[in-house]
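If you're matching them up, the sequences are chains A and B in order.
The working numbering puts the first residue of the first sequence at -2, with every later residue one more than the last.
The working numbering puts the first residue of the second sequence at 207, with every later residue one more than the last.
Ideal Cβ positions, reconstructed from N, Cα and C, are used throughout, including at glycine.
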Amino acid sequence: MDMIELQGVHKYYRTGDQALHVLKGIDLTIREGELVSIMGSSGSGKSTLLNILGILDGYDSGSYVLAGQQMGHLRGGEAARMRNQLLGFIFQSFNLLPFKNAVENVALPLYYQGVGRRERNHRAEKFLDMVGLAERRTFMPNQLSGGEKQRVAIARALVGSPKVILADEPTGALDSHTTQEVMSLLKDVHQGGKTIVLVTHEMDLASQTQRQIFLKDGQISTRQHFDVQPETVG
Amino acid sequence: MMLDGLQEILFTLRQNKLRTLLTAFGVFWGIFMLIVLLGAGRGMQNGVLDDFGSDVLDFIIVWSGDTSVAYRGMGLGRHIRLDRSDVQAVSQQISGIGVISGETVLGRGLINYANKNSNAEIHGIPDEYFDVKSDVPFNLGRRVDPLDIDQIRKVALIGTTVAERLFSAGEDPVGKDIRVKDVVMKVVGVFYDKGNRGRNSERVYLPQSTFTRVFGGSDRIDAIWLRPAPGVDGFELEKKVVALLKRRHDVAPDDRRGVNSFNMATPAQNVLGLFVGINVFIWFVGLGTLMAGIVGVSNIMIITVKERTREIGIRKALGATPFSIVGPLLLESTLVTGIAGYLGLVFGVGLLELVAMGLRAAGTKLPYFMNPEVNFRVAVTAILLLVTVGVLAGLMPALRAAKITPIEAMRAE
């Protein structure tokens, strides 16, 4: 089943009377359970593409179907609900709330699902346990190392049981050892059946995904895949 | 969920204790000043109205004098004399009269009781007289009644000043026989009229019929007192009454001396008009002060939103709807203004009560100041105003926060 389906997606950035054509007709299909990386040099439009996939940003033309639902022209509230139910985000800069401890940070998506405090914390602790941070649950973000912060962020991305995990340079701020730790954690998540889209400029990481999508000047240039698993692209 | 949201807000407020406190103080001060000013204004109004004495504020009094304009072949300087038939004519021919009463005045005379005496103004009145002066309190006894008039009873109503001079403290004047210009009268009532700064209590009232029988003067009337019926324009009524009396006594329509009148509504209207002006001024100043507080809240909310832009972006990415962003921000500003405003209200009313209590306890009577108070409606209006304004203060920044896209928000540092 197709989890993500983009057809002819265009995106412009407008500053004053100038328009920058960032995405120039993206056609992209990602199947359920795939682990895909999006690569490209800076300015190629890969973050823009991920933001559109994450319903964090709109697009100017084309269509986007996520988990069988049209994502075009959602109102603020609907977009928020879609993000909350279908998507989990992992950011390069972690984006943890500095005044909340690890458990509270992980539990945040559940708060917006309307889950009660006790149940929220219980589930959050389970996921912190899963990423190996059971003892750090009451630590504030500034008491955690970079790798630990990203593991908290991964737990937060997973806690709401989303269908797709979107990771934007998740290891960009980490050393090589921690990078590998985080990557293997992502692969574990993928083994668990999640669809993962990973934006990176590190060939090393991309090579560990099933399929690589290369963006150049706002267009998908070539598709390569390394035979980690049999190709699933239709 | 609701409790969760509240905890979040209290947490944010605690993060910025000093800032929250200063902002809240602005609102507190605004409402406090508004309430104190309104109370002081009301205190002045009470004080000034108290100066009107026991007079109702709509009475009209008509009396006669010497003509100053020659009319229908009669020269000026003719004395006009009103009598009971004038009262009758006015009450029969002019509609819209609520109460009407004649009054005959003898002037000052000696009043004795046992070996004490007093000098008082002696008036003859019908029983309707105290309908006109309905605000005059009777400390003891009763007013004149129709039987006193019909049976020409020798009874008297005395003012408190007269009572104090004739009777020793603790002695009940009612039922005692006093002598009014050497004529024995039984005291049936003691009144206190604070008009004329209490000097209206230096009077003795006799039933009209008794007065005429004892002191003569047949059916002479010195003044006609009247009050318009509810809803009737007192000024129009005054004109009609004066015109009728002038016709009856052949006084030129433009003669101001022959028939005179005074309408209490004129000074009352002036004073009440003045207080409308003062009240407008007070609201203007008070609301201005309050506005300054509100602008402070709005300002702080703008800063809060700016500071928390990144946080808002993250929350949106994790599924916060625009409402769940706007709601807490509005609640935050409403909470700050609401609590601070309520405290301002309580402290303001408290201060007014304290002043009023102090004045009462000390027994002092300040000129033109009495019972500072704020009525319940004003308090409720102030609270509603506050909550509305609190919401408005948070609305603009909150909507701004709701509109910003998560991507933009997360880029903010």
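Under a CB-based cut-off of 8 Å, is residue i close to chain A?
{"i": "A618 of chain B", "result": "no"}
{"i": "I522 of chain B", "result": "A small fix is needed here, since residue 522 of chain B is Lys in this sequence, not Ile. Output row for K522 of chain B: interface = yes."}
{"i": "E513 of chain B", "result": "no"}
{"i": "Q221 of chain B", "result": "yes"}
Hey, does residue i have any beta-carbon neighbour from chain B nearer than 8 Å?
{"i": "V230 of chain A", "result": "Low confidence applies here, because V230 of chain A scores a pLDDT of 39, under 50, leaving its location unreliable; read the following figure in that light. False, the Cβ-Cβ gap to chain B never drops below 8 Å."}
{"i": "R148 of chain A", "result": "no"}
{"i": "Y108 of chain A", "result": "yes"}
{"i": "N98 of chain A", "result": "no"}
{"i": "A77 of chain A", "result": "yes"}
{"i": "L47 of chain A", "result": "no"}
{"i": "N81 of chain A", "result": "yes"}
{"i": "L212 of chain A", "result": "no"}
{"i": "L105 of chain A", "result": "yes"}
{"i": "F86 of chain A", "result": "yes"}
{"i": "V225 of chain A", "result": "For V225 of chain A, the pLDDT reaches just 45, beneath the cut-off of 50, and the residue's location in the model is therefore unreliable, leaving the point undetermined."}
Short of 6 Å in beta carbon distance, which residues of its chain neighbour residue i, apart from the five on each side in sequence? Order them along the chain.
{"i": "K191 of chain A", "result": "I162"}
{"i": "F421 of chain B", "result": "L312"}
{"i": "A152 of chain A", "result": "V103, F124, L125, V128"}
{"i": "P528 of chain B", "result": "A608"}
{"i": "D550 of chain B", "result": "Checking the displayed sequence, the identity of residue 550 of chain B turns out to be Gly instead of Asp. Excluding residues within five positions, the ones whose Cβ falls inside 6 Å are F234, I237, F238."}
{"i": "H18 of chain A", "result": "Y9"}
{"i": "I500 of chain B", "result": "V595, A599"}
{"i": "T176 of chain A", "result": "T168"}
{"i": "G547 of chain B", "result": "V233, I237, L592"}
{"i": "T627 of chain B", "result": "Any property of residue 627 of chain B remains undetermined from this structure, which presents chain B solely from 207 to 619."}
{"i": "I27 of chain A", "result": "M0, I1, V33"}
{"i": "A474 of chain B", "result": "L263"}
{"i": "Y108 of chain A", "result": "none"}
{"i": "L212 of chain A", "result": "G37, S41, G42, K43"}
Looking only at its own chain, which residues have a Cβ that is under 8 Å from the Cβ of residue i, when we skip the five neighbours before and after it?
{"i": "V555 of chain B", "result": "I241, G245, V580, A585"}
{"i": "P413 of chain B", "result": "G330, I331, P332, D333, V350, D354, I355, I358, R359, V361"}
{"i": "L535 of chain B", "result": "M507, T510, V511, G600, P603, A604, A607"}
Using a Cβ-Cβ cutoff of less than 7 Å, which residues in the same chain neighbour residue i once the five nearest sequence positions on both sides are dropped?
{"i": "I506 of chain B", "result": "R225, T229"}
{"i": "L450 of chain B", "result": "A295, V296, Q299, I300"}
{"i": "N469 of chain B", "result": "I266, G440, F441, E444"}
{"i": "V305 of chain B", "result": "E334, D337, V338, L432, R433"}
{"i": "R290 of chain B", "result": "G308, D425, I427"}
Is it the case that the Cβ atoms of residue i and residue j are separated by a distance below 8 Å?
{"i": "G596 of chain B", "j": "V503 of chain B", "result": "yes"}
{"i": "L346 of chain B", "j": "V380 of chain B", "result": "yes"}
{"i": "G302 of chain B", "j": "A498 of chain B", "result": "no"}
{"i": "L83 of chain A", "j": "L63 of chain A", "result": "yes"}
{"i": "V196 of chain A", "j": "L155 of chain A", "result": "no"}
{"i": "I545 of chain B", "j": "M616 of chain B", "result": "no"}
{"i": "V394 of chain B", "j": "A326 of chain B", "result": "no"}
{"i": "N410 of chain B", "j": "V386 of chain B", "result": "According to the sequence shown, residue 410 of chain B is Val rather than Asn. Yes, the pair counts as a contact, with Cβ atoms nearer than the cut-off."}
{"i": "F344 of chain B", "j": "V262 of chain B", "result": "no"}
{"i": "N92 of chain A", "j": "I613 of chain B", "result": "no"}
{"i": "Q209 of chain A", "j": "M36 of chain A", "result": "yes"}
{"i": "S274 of chain B", "j": "V465 of chain B", "result": "no"}
{"i": "A458 of chain B", "j": "Y277 of chain B", "result": "yes"}
{"i": "L20 of chain A", "j": "G144 of chain A", "result": "no"}
{"i": "A471 of chain B", "j": "V268 of chain B", "result": "no"}
{"i": "A77 of chain A", "j": "K223 of chain B", "result": "no"}
Quick one: list the residues of chain B neighbouring residue i, beta-carbon separation under 8 Å, in chain order.
{"i": "G74 of chain A", "result": "T527, P528, F529"}
Under 9 Å Cβ-Cβ, which residues of chain B neighbour residue i?
{"i": "N139 of chain A", "result": "The premise fails here: N139 of chain A is roughly 15 Å from chain B at the closest Cβ pair, so nothing lies under 9 Å."}
Residue i touches chain A at which residues, Cβ-Cβ below 7 Å?
{"i": "P612 of chain B", "result": "L53"}
{"i": "E517 of chain B", "result": "L94"}
For residue i, verify whether its CB is less than 7 Å away from any heavy atom of the ligand COA.
{"i": "M0 of chain A", "result": "The model depicted lacks the ligand COA and carries no ligand whatsoever."}
Going along chain B, which residues have a C-beta under 7 Å from residue i?
{"i": "R114 of chain A", "result": "D210"}
{"i": "F124 of chain A", "result": "Ordered by position in chain B, no residue passes the 7 Å Cβ test against F124 of chain A, which lies about 14 Å from the chain."}
Determine, for residue i, whether the minimum Cβ-Cβ distance to residues of chain D falls below 8 Å.
{"i": "L202 of chain A", "result": "Protein chains in the displayed structure are A and B, and chain D is not among them."}
Stretch pair the stretch 118 to 135 of chain A + the stretch 161 to 175 of chain A: three plus CB contacts closer than 8 Å: No: fewer than three Cβ pairs fall under 8 Å.
Given 8 Å, three or more beta-carbon pairs between the stretch 365 to 378 of chain B and the stretch 319 to 328 of chain B: They touch, by the three-pair rule.
The stretch 66 to 76 of chain A in contact with the stretch 85 to 93 of chain A per 3-pair CB rule at 8 Å: no
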